[in-house]
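What follows is one structure encoded as structure tokens, with my remarks underneath.
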Amino acid sequence: MSYKLPVPHPGTHTRPFWEGTKEGKLMLPKCGDCNRVHWYPRHICPFCHSDNISWVEGSGEGTIYSYAVQHLAFGPWAEEAPYVTAYVDLKEGDRMLTVLRGVDPEKPEDIAIGAKVAVEFEAASDDVHIPFWRVVEGD
Amino acid sequence: MPGNLYKAAAIVGAAEANEIGFLKEPVTSLQLHMEAIQNLSEQTGMPLSRIEGVFSAGWTTELCEHLGLRPKYIDTTAVGGCSFQIHVHHALAAIHAGIIDTALISHGENGASAGKLGGRGLGNYARGAGVQSPAHEMTMAYGLGGAPSNYAHAMTRHMHRYGTTTEDFAHIAKISRDWATLNPRAAMYSKEKHPFGGPITVEQVEESRMIAWPMTILHCCMVTDHGGAVLLASPKVAATLKTPPVWVAGAGESMGHGSMLEMDDFTATSARFSADAAYTMAGMGPDDMEMALVYDSFTITAAITIEMLGLTPRGEGHTLWKNGDAAPGGRFPINTNGGGLSFNHSGMYGMQLLVEAYRQMSRTAEDGINGDPGKQTDARTCIVNGTGGTLSTTGTLVLMADDAT
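Chains as they are written, first to last, in numbering that gives the first Met the number 0: chain P, 0 to 138; chain F, 0 to 404.
Encoded structure:
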């Protein structure tokens, strides 16, 4: 593997998420009692406090909630600067962080809050494929 | 109608370490604590042996051990930069309950020296579950580093929602620097004190080095050394001291999230809840406030906070700086020490807020610390708001001068 950036260490109860990413699926935790999707994964639902949580396949679609361009970065990311980070509102609800793809970090004014994004996965190791979001053309 | 804890205790003294800012010789956080505590004892005439409660944002046990204290009340609340506002709230309750009559709140943090000494010392706090936390697991791959990398997203969202511009927020940096040039203890007091010190213009803020778009470096606080300590006392004990009391009329605390991933609205913090609690306790509202001291880790933090405190409508926090109200000589002074942007910011700035609040409300700002006077305002009421984490946690205080009506 040639992936040089920090790689997450899968936790004790997030295995279904990481198994999903290897198959190109965005698995999301959903509460069976209040039917809401939440992110990040919880032991109990943050909305209704039920522990009746299961994993469902998400659409992999979302919109940009906010973004920034990182000029001062640390560690392995320093060589990538400038790059655009963004918070993405999932179509199913709740929000993920990403490094945004398909945008020009030198033209931050051209990036639109509310623009449609789609998920893609990069193999960082045999066990971990990391989701990243890309701006979808012609939204 | 004020609440039960209204004026249950007063801040009766506030002191700092002997040297603060960018020091020639590196110091430990513990030294900064101890210098501030000794100076506080001298200022108030309160022997350290009479301190009954000890409040600190980390390792309170080591602090008490160094002081040889056997406290009746120990509080190590460490929720970021607003921890010290929250300590005041807790001390108020403990004094009101009759558990203690005196409370020491202390903080020392060698934000600038730490790197030279090989690691951070007393005064810093651990981050919960760390790498085992799912919030960390689901964010660590995405290149966020220091605080600016995250806060920049809040500024972008504010600009989108309200049509604000970086120039709007640049006025906050410019006017904070104006205050700093009136305060010889400010790190950015003058060119003689620091190569980048002295007055700045809005254009300079706009054109300074980009850190995390839309924020340039002059939208960001410094990382310096600071030690500070304040003493709270019951009305009975306050009456016996030589220093003037500053009354805690209202206090409140709240939080919105830990990780910014969980922040629903990037343009709103829990200060709207902590301020509501503080105003309610005080029986007062935004119109009764005559000045404000708000955590300005970044210009956007200060702007949002002013909105949350009800001092302007949403989206208009920056206007108090832009129209000159917040400036020296203005109608509503804000961050009269120069703020975290230009006075001092060690990592958790809430202690600096408390020290300046005491100086302003006790009318001792011009008495100076170690011979360095600050700028005294005419205000008799002050709202103080600390913000911790990534716009995560807040503590709000409504303070009143002894002669305020």
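We treat Cβ as the ideally placed atom computed from N, Cα and C, and that holds for glycine.
In the DSSP assignment, the beta strand (DSSP E) including P:Trp132 goes from what residue to what residue? Counting from one through the first sequence, the residue named residue 132 of chain P turns up at place 133. His128 to Val134 is the extent of the beta strand (DSSP E) around P:Trp132.
Check whether the segment 303-319 of chain F touches the segment 248-264 of chain F, taking contact to mean three or more Cβ pairs, one atom from each stretch, closer than 8 Å. no
Could you check which residue in F:Ala56, F:Leu68 and F:Met139 has the C-alpha nearest to that of F:Asp74? Stepping through the second sequence from its first residue, residue 74 of chain F is reached at position 75. Of the candidates F:Ala56, F:Leu68 and F:Met139, the one whose C-alpha sits nearest the C-alpha of F:Asp74 is F:Ala56.
Quick check on this structure: which residue in F:Ala92, F:Met288 and F:Ala102 has the alpha carbon closest to the alpha carbon of F:Ala400? Taking the first residue of the second sequence as position 1, residue 400 of chain F is located at position 401. Among F:Ala92, F:Met288 and F:Ala102, the Cα nearest to that of F:Ala400 is on F:Met288.
Here's the rule I'm using: 16 or more other beta-carbon atoms within 10 Å means buried, otherwise exposed. How should F:Leu230 be labelled? Locating residue 230 of chain F in the second sequence gives position 231, where the first residue counts as 1. F:Leu230 is buried by the Cβ-count criterion.
For F:Ser207, the nearest candidate out of F:Lys190, F:Glu166 and F:Thr242 (CA to CA): Taking the second sequence and counting its residues from 1, one reaches residue 207 of chain F at position 208. Cα-wise, what sits closest to F:Ser207 is F:Glu166.
P:Ala23 burial status per 10 Å Cβ neighbour count (16 or more: buried): Along the first sequence, one-based indexing puts residue 23 of chain P at 24. Note on identity: in this sequence residue 23 of chain P is Gly, with Ala being the wrong assignment. The residue is exposed, with fewer than 16 neighbouring Cβ atoms inside 10 Å.
Distance, F:Ala276 Cα to F:Ile305 Cα: Reading the second sequence from its first residue, position 306 is the one you call residue 305 of chain F. Reading the second sequence from its first residue, position 277 is the one you call residue 276 of chain F. Each residue's alpha carbon lies about 16 Å from the other.
What three-state label does DSSP hand F:Gly385 in the structure shown? Walking along the second sequence from the start, residue 385 of chain F turns up at place 386. Looking at F:Gly385 - three-state DSSP - the assignment turns out to be strand.
In this structure, how does DSSP classify F:Tyr348 when only helix, strand and coil are distinguished? Taking the second sequence and counting its residues from 1, the one referred to as residue 348 of chain F is at position 349. Note: F:Tyr348 maps to coil in three-state DSSP.
Chain P residues whose Cβ lies nearer than 7 Å to that of F:Ile210: Translated into positions along the second sequence, residue 210 of chain F becomes position 211. Result: His70 and Leu71.
Taking 8 Å as the threshold, find out whether the segment 211-229 of chain F comes into contact with the segment 327-342 of chain F through three or more Cβ pairs. yes
What residues in its chain sit with their C-beta under 7 Å from that of F:Ala128, if we drop five residues either side in the sequence? Here residue 128 of chain F refers to the residue found at position 129 when the second sequence is read from its first residue. Because the pLDDT of F:Ala128 is 49, which lies under 50, any placement of that residue in the model is unreliable, and the question is left without a value.
Considering only C-alpha positions, which residue in the set P:His42, P:Val134, P:Leu4 and P:Gly57 is nearest to P:Gly92? Position 93 of the first sequence, counting from 1, holds the residue named residue 92 of chain P. For the residues P:His42, P:Val134, P:Leu4 and P:Gly57, the minimum Cα distance to P:Gly92 belongs to P:Gly57.
Look up F:Ser82 in the DSSP assignment and say whether it is helix, strand or coil. Here residue 82 of chain F refers to the residue found at position 83 of the second sequence. Reduced to three states, the DSSP call for F:Ser82 is helix.
Does P:Cys30 come out as helix, strand or coil in the three-state DSSP assignment? Walking along the first sequence from the start, residue 30 of chain P turns up at place 31. P:Cys30: strand per DSSP, three-state reduction.
According to a CB-to-CB cut-off of less than 7 Å, which residues of the segment 102-121 of chain P neighbour chain F? Pro107 and Ile112
Does the beta carbon of F:Phe195 come closer than 7 Å to any beta carbon on chain P? Stepping through the second sequence from its first residue, residue 195 of chain F is reached at position 196. For F:Phe195, the answer is no, since every Cβ of chain P falls outside 7 Å of its Cβ.
Inter-residue Cα distance where the pair is F:His152 and P:Pro104: Within the second sequence, numbered from 1, the residue matching residue 152 of chain F stands at position 153. Within the first sequence, numbered from 1, the residue matching residue 104 of chain P stands at position 105. Roughly 14 Å between the two C-alpha positions.
What residues of chain F sit near P:His8, judged by a beta carbon separation below 9 Å? Here the question's residue 8 of chain P lines up with position 9 in the first sequence. Ordered by position in chain F, the residues that pass the 9 Å Cβ test against P:His8 are Val130, Gln131, Glu136 and Met139.
Proximity test, Cβ basis, 7 Å: P:Trp54 and chain F: Taking the first residue of the first sequence as 1, we reach residue 54 of chain P at position 55. Not closer than 7 Å to any Cβ of chain F, the Cβ of P:Trp54 fails to qualify, so no.
Euclidean distance between Cα positions of P:Thr11 and F:Thr392: Your numbering for residue 11 of chain P matches position 12 in the first sequence. Your numbering for residue 392 of chain F matches position 393 in the second sequence. Straight-line Cα distance between these residues: approximately 28 Å.
Nearest-angstrom Cα separation, counted from F:Glu61 out to F:Tyr124: Translated into the one-based positions of the second sequence, residue 124 of chain F becomes position 125. Translated into the one-based positions of the second sequence, residue 61 of chain F becomes position 62. Only weak support exists for where F:Tyr124 lies, its pLDDT of 39 falling under 50; the value from the coordinates is given anyway. The straight-line gap from Cα to Cα measures roughly 14 Å.
For a test of the three-state rule: what should DSSP assign to F:Val26, helix, strand or coil? Taking the second sequence and counting its residues from 1, one reaches residue 26 of chain F at position 27. DSSP places F:Val26 in coil when its eight states are reduced to three.
Inter-residue spacing [alpha-carbon to alpha-carbon] between F:Met158 and F:Gly67: As a first step, residue 158 of chain F must be located in the second sequence, where it is residue number 159. As a first step, residue 67 of chain F must be located in the second sequence, where it is residue number 68. Each residue's alpha carbon lies about 52 Å from the other.
Who pairs with P:Val115 in a beta bridge, going by DSSP? Working through the first sequence from its first residue, we reach residue 115 of chain P at position 116. The residue asked about is misnamed: residue 115 of chain P is Lys in this sequence, not Val. Looking at the DSSP assignment, P:Lys115 forms a beta bridge with P:Thr62.
Since P:Val185 and P:Val98 are thought to touch, with beta carbons under 8 Å apart, how far apart are those beta carbons, to the nearest angstrom? The first residue shown for chain P is 0 and the last is 138, placing residue 185 of chain P beyond what the model contains.
Thinking just about the alpha-carbon of each residue, which of F:Ser175, F:Ala403, F:Ile299 and F:Leu4 is nearest to the one in F:His89? The residue labelled residue 89 of chain F in the question sits at position 90 within the second sequence. It is F:Leu4 whose Cα lies nearest to the Cα of F:His89.
Should P:Leu89 be flagged as near chain F, meaning a C-beta pair shorter than 7 Å? Within the first sequence, the letter at position 90 stands for residue 89 of chain P. No, because no Cβ of chain F sits closer than 7 Å to the Cβ of P:Leu89.
According to the neighbour-count rule (16 or more other Cβ atoms, all chains shown, within 10 Å of its Cβ), is P:Gly113 buried or exposed? Counting from one through the first sequence, the residue named residue 113 of chain P turns up at place 114. Its Cβ having fewer than 16 others within 10 Å, P:Gly113 is exposed.
Would you tell me roughly how many angstroms separate the C-alpha atoms of F:Met283 and F:Cys381, rounded to the nearest one? Walking along the second sequence from the start, residue 283 of chain F turns up at place 284. Walking along the second sequence from the start, residue 381 of chain F turns up at place 382. So the two alpha carbons sit approximately 11 Å from each other.
Counting only Cβ-Cβ distances shorter than 7 Å, please list the residues of the segment 151-168 of chain F near chain P, keeping chain order. Ala151, His152, Thr155, Arg156 and His159
Any chance you could list the alpha helix (DSSP H) runs of at least 4 consecutive residues sitting entirely within the segment 169-233 of chain F, in chain order? 201-206
Could you tell me if F:Ala185 is buried or exposed, where buried requires 16 or more neighbouring beta carbons within 10 angstroms of its beta carbon? Along the second sequence, one-based indexing puts residue 185 of chain F at 186. Flag for F:Ala185 reads buried.
If we define contact as Cβ-Cβ less than 7 Å, is P:Ile191 a contact residue for chain F? The question about residue 191 of chain P has no answer here: the residues shown for chain P are numbered 0 through 138.
Start and end of the alpha helix (DSSP H) containing F:Glu61? As a first step, residue 61 of chain F is located in the second sequence; it is residue number 62 there, counting from the start. Counting along the chain, the alpha helix (DSSP H) containing F:Glu61 begins and ends at Thr59 to Leu66.
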